[in-house]
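Top to bottom, those sequences are chains S and U. Counting from 1, one number per residue, gives the positions in the first sequence under this note's numbering. Counting from 1001, one number per residue, gives the positions in the second sequence under this note's numbering. Working notes for the structure below.
2 protein chains.
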Amino acid sequence: MLKNYLKEKREFIDNSIKEYLEELKYPPVIAEGMKYAVLNGGKRLRPILLLMTLELLGEDEEKGIPAAVAIEMIHSYSLVHDDLPALDDDDYRRGKLTTHKKYGEAQGILIGDALLTHAFNVITSENQKVASDKIVDIVRLTSQYAGVNGMIGGQMVDIESEGKNIDLPVLQYIHTHKTGKMITLPVEIACIIAGAEAKKKEKLIEYSELIGLAFQIKDDILDIEGDFEKIGKPVGSDTDLEKSTYPSIFGMKKTKEILAEKITAAKEIICSEFQSEKVKLFTDLADYIQNREK
Amino acid sequence: MLKNYLKEKREFIDNSIKEYLEELKYPPVIAEGMKYAVLNGGKRLRPILLLMTLELLGEDEEKGIPAAVAIEMIHSYSLVHDDLPALDDDDYRRGKLTTHKKYGEAQGILIGDALLTHAFNVITSENQKVASDKIVDIVRLTSQYAGVNGMIGGQMVDIESEGKNIDLPVLQYIHTHKTGKMITLPVEIACIIAGAEAKKKEKLIEYSELIGLAFQIKDDILDIEGDFEKIGKPVGSDTDLEKSTYPSIFGMKKTKEILAEKITAAKEIICSEFQSEKVKLFTDLADYIQNREK
């Protein structure tokens, strides 16, 4: 059930992204590069979470499309910049050349900048069914969670921690900020759009924080145990960059136990608040994050 | 009169920027780097234009502060990224080390990203006196003029034109997009905030386009005739990068004539629509752009 749902939603999101990027033509290298960077076979976990949450809250999915597309643009720009020579210096992502390897380094920087900037254009696109005061809240939250107090902060501490032995609080800061905030963001945006009551919102955010952390722990595991053919990038890059990870701090056995605990907690929290059959998507998604191979 | 006005407004803008950046503390390198990049003795032409236009339209200046600060953050991020090794590879700006020379290249990329992202947080800050539907319009316009269809587009074509003989339409595209859009932006935002009538808005935009073009032509002239001590960066960098400019296409004499024509036209347009004494700031500003030494 989840597998079909994810496939269907992934296609839906991809088509929505295409529609928003279609009108961009000039300069060709930026317009093409933006499409190349976003339309890359990604899992679309973040936009799907937004749509799932709207559905769970009984709200019209269509209202979430601009923000869902924008979040994926921001996620994609962050990958484009992370891959640059001055940062992780990666040549491949999901089995394809990284954006700067394909278009050049200056181009990679500007394509990333353009995606980030355009995301805010998409969130505020005209003729939406969402009220303006909610759109303002969405822009404020997005810029907070994607910025210095969110994703970029996590990325910076991650880079500065390379080659150092960091302790668990620092690793947790990296995980909750670099990955976590952008997984909580779509859930919180859906709550804004739907006007969710405080307790429902609280539980949804807790769920998103747990699966966000689980997602990152699983990433650390796949970097050691994963299959290049499946994950589309070289295995062992964390070790090469001397990055501290859950496995490097706790060992693999304990890391997998922690992963399982987070998944169980996420499922319990979501089931404690929501009883509709739609909650099954959320528990299945948690299981999927634990068991994914890429 | 203009000189005192600019000095007073520059201090006011600098203090406003400081207030918005003050709360940022962690990670220290990003928080400090953002301050370093923005609080660099810039002319603050763009935010001052926003405040001037509000005043001319009889609107409360305070309503424009968040957007004015945000525009300067976006302008600063664009300079940080332009200076990177993969782009213009500049070591100095306004007589100080460029951000990536001071903090490192990865840091420079992320500091730029953080400034761009935070700009949208500032535009949408809470407890504003501007209605939400206008804030949404401001975010949409800002992301358009700063993005692929604006500043970034101009920057990309500029880079791709290095070492090539480009024709006037391409040079004009570069100028109107790389510099022009971000000079029209504050004027247009002020019109949104003040609810300016169509004809006033049209004339203000025409004025901003003319002084924006004049500003860039003057930049090209200063790159040849300027004084390092005053402009704070090496003279002749356009020539080094084999960039086409107004002087390289028209020669210096004709370039100065074109500059004078744009300034005259800008002053005529603004005086044709506004008769209050406040219009003098606009004509003086046009003269200042023509005669500036840095």
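For each residue, glycine too, the CB sits at the ideal point set by N, CA and C.
Gly58 (chain S) counts as exposed, since fewer than 16 other beta carbons sit within 10 angstroms of its beta carbon. Exposed is the label assigned to Ser1272 (chain U), since fewer than 16 other Cβ atoms lie within 10 Å of its Cβ. Straight-line spacing of the CA atoms in Phe215 (chain S) and Glu1197 (chain U) works out to 52 Å. For Gly112 (chain S), the enclosing alpha helix (DSSP H) covers residues 105 to 123. In the structure shown, Arg10 (chain S) falls within a helical segment according to DSSP collapsed to helix, strand and coil.
Beta-bridge annotation (DSSP): Leu97 (chain S) is paired with S:Tyr92. Taking the beta carbon of Val29 (chain S) as reference, the chain U residues within 8 Å of it are Met1156, Glu1160, listed in sequence order. For Gln1172 (chain U), the enclosing alpha helix (DSSP H) has its first and last residue at 1168 to 1174. Between Ile193 (chain S) and Lys134 (chain S), the gap from beta carbon to beta carbon is short of 8 Å. With a threshold of 8 Å between beta carbons, Met52 (chain S) makes no contact with chain U. For the pair Val1069 (chain U) and Ala119 (chain S), the Cα-to-Cα distance works out to about 20 Å. Linking Arg94 (chain S) to Glu1242 (chain U) through their CA atoms gives a straight-line distance of about 38 Å. For the C-beta of Phe1250 (chain U), not a single chain S residue is nearer than 9 Å; the gap to the nearest is close to 24 Å. Secondary structure of Ala1196 (chain U) (DSSP, three-state): coil. With respect to Lys278 (chain S), Leu56 (chain S) sits close: the two C-beta atoms are nearer than 8 Å. By the C-beta density criterion, Gly180 (chain S) is buried, having at least 16 other C-beta atoms within 10 angstroms. In this structure, U:Glu1293 is the residue among U:Gly1251, U:Ala1106, U:Glu1293, U:Ala1037 with its C-alpha nearest to the C-alpha of Leu1222 (chain U). Annotation: Glu1209 (chain U) has no Cβ neighbours in chain S at a cutoff of 8 Å; minimum Cβ distance is about 19 Å.
Chain order gives the chain S residues near Val1136 (chain U) as Thr124, Ser132, Ile135, Val136, where near means a beta carbon separation below 7 Å. Comparing alpha-carbon positions, the option among U:Thr1099, U:Glu1188, U:Glu1162 lying closest to Thr1053 (chain U) turns out to be U:Glu1188. By the beta-carbon neighbour count (other beta carbons within 10 angstroms, threshold 16), Asp1113 (chain U) is buried. Taking the beta carbon of Gln144 (chain S) as reference, the chain U residues within 8 Å of it are Asn1121, listed in sequence order. Interface annotation, Arg1140 (chain U): in contact with chain S, CB-CB separation under 8 Å. Within 8 Å of the CB of Ala1198 (chain U), no CB atom of chain S is found; the nearest one sits about 18 Å away.
Scanning its chain for C-beta atoms nearer than 8 Å, with the 5 sequence neighbours on each side dropped, one finds around Ala31 (chain S) the residues Leu21, Leu24, Lys25, in chain order. Restricting attention to S:Leu168, S:Gln290, S:Ile174, the CA atom closest to the CA of Met151 (chain S) is found in S:Ile174.
Out of S:Lys102, S:Phe12, S:Ala106, S:Tyr77, the CA that lies nearest to the CA of Glu62 (chain S) is found in S:Phe12. Identification of chain S residues near Met1034 (chain U) by a Cβ-Cβ cut-off of 8 Å yields Val148, ordered along the chain. If you draw a 10 Å sphere on the C-beta of Leu168 (chain S), you find fewer than 16 other C-beta atoms in it, and that means exposed. Judged by pairs of C-beta atoms under 8 Å, the region 148 to 167 of chain S does not touch the region 1139 to 1158 of chain U, as fewer than three such pairs exist. Along the region 1166 to 1182 of chain U, there is no position whose C-beta sits under 8 Å from a C-beta of chain S. Gly1153 (chain U) is positioned such that its CB atom lies no closer than 8 Å to that of Thr1184 (chain U). The DSSP-derived three-state label of Val1148 (chain U) is coil. Arg1044 (chain U) is positioned such that its CB atom lies closer than 8 Å to that of Lys1009 (chain U). Judged by their CB atoms, Ile1263 (chain U) and Lys1203 (chain U) are not nearer to each other than the 8 Å cut-off. The beta carbons of Ala260 (chain S) and Leu50 (chain S) sit no closer together than 8 Å.
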